[in-house]
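Structure first, then comments.
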């Protein structure tokens with residue numbers, strides 16, 4: 386299983402706290418950011434991409450592994466989202482992390 390080996394605090398700052406990624410707390414930048422970026426409308430694509438990335442970084446899986454879990458969840462009966470989360474929570478590394 387491959388792990389993300391890049392800058393973790395940058396990911397935490399962008400996506401919010403992810404307990405599986407790091408225990409570090411990012412320093413928030415001052416309010417000198419460009420105000421035009423805060424007024425932009427967030428697209429549906431961006432929302433879906435950020436949620437997918439949160440899943441990937443939180444559970445420490447690759448894009449291919451996530452796609453395989455989504456395929457399994459779609460074939461099963463019931464809510465796809467709930468089944469996907471059940472599959473991810475049943476992973477051995479996640480169970481050990483929760484203990």
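Residue numbers (my numbering): 386 to 484.
Note that the Cβ used here is the ideal one computed from N, Cα and C, for glycine as well.
Predicted, not measured: the structure shown is a model, and the values here were computed from it.
Inter-residue CB distance, residue i and residue j (contact presumed, cutoff 8 Å)
i, j, result
"residue 441", "residue 448", "7 Å"
Where the alpha helix (DSSP H) through residue i begins and ends
i, result
"residue 465", "465-474"
"residue 479", "477-483"
"residue 425", "Premise fails: residue 425 is in no alpha helix (DSSP H) and is neither H nor E."
"residue 458", "448-460"
"residue 403", "Run containing residue 403: none; DSSP gives neither H nor E here."
Pairwise C-alpha distance: residue j and residue i
i, j, result
"residue 410", "residue 453", "32 Å"
"residue 451", "residue 465", "13 Å"
"residue 388", "residue 444", "10 Å"
"residue 470", "residue 430", "21 Å"
"residue 463", "residue 437", "20 Å"
"residue 468", "residue 483", "19 Å"
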